[in-house]
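*Asks:*
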Amino acid sequence: MSSSVRHLHILRSKWSRSVRRVTLLKESQAADRLAIAERTLRKIRGEGRISFVLIGRSVRYSLSDLDAFIQSCRGKVARCPSTSRKAARTSTSTSSEMVVAFTARRASRAAEPPSR
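Here the sequence shown is numbered in this note's numbering, starting from 259 and rising by one per residue.
(1) Using a threshold of 8 Å, state whether the C-beta atoms of Leu-282 and Val-311 are closer than that.
(2) If we count the other Cβ atoms within 10 Å of its Cβ and call it buried at 16 or more, is Asp-325 buried or exposed?
(3) Tell me the start and end of each unbroken beta strand (DSSP E) in the segment 276-346 that is at least 3 residues and wholly inside, in chain order.
(4) Distance check for Ala-289 and Val-335, CA to CA, integer angstroms please.
(5) Which first and last residues belong to the alpha helix (DSSP H) in which Ala-362 is found?
(6) With a 10 Å radius around its C-beta and 16 neighbouring C-beta atoms as the bar for buried, classify Arg-300 as buried or exposed.
(7) Within a Cβ cutoff of 6 Å, which residues of the same chain sit near Phe-327, ignoring the five residues on either side of it in sequence?
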């Protein structure tokens, strides 16, 4: 496994009398909670973007890990690039062609005799 994948190991101390109960969800339950496909969840886990609990071969997800993943996916509203300041020209080249208004070009063509 990749070192970027984080594992949560739950250990019980023989001296500890109180054990904190953590709700763990199966992959299908976690995918339903995130409203994504199980395959997508496995892909996200493989990329190391979400924490999980590995118990034997079983993969489980804690509610706090799902909440942390949701928070990490939140985006900020970006400013619309079309309303932002225009970028400076990157080229100083100019065209050697003359710009002619569309209506002027159409009028000159109408005045010419038809060619054969």
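The beta-carbon is built from N, C-alpha and C at its ideal position, and this holds for glycine as well. Quick caveat, the model's predicted, so the values are computed rather than measured.
*Replies:* Well, looking at it:
(1) yes
(2) exposed
(3) 311-313 and 316-320
(4) 26 Å
(5) 360-369
(6) exposed
(7) Ile-308
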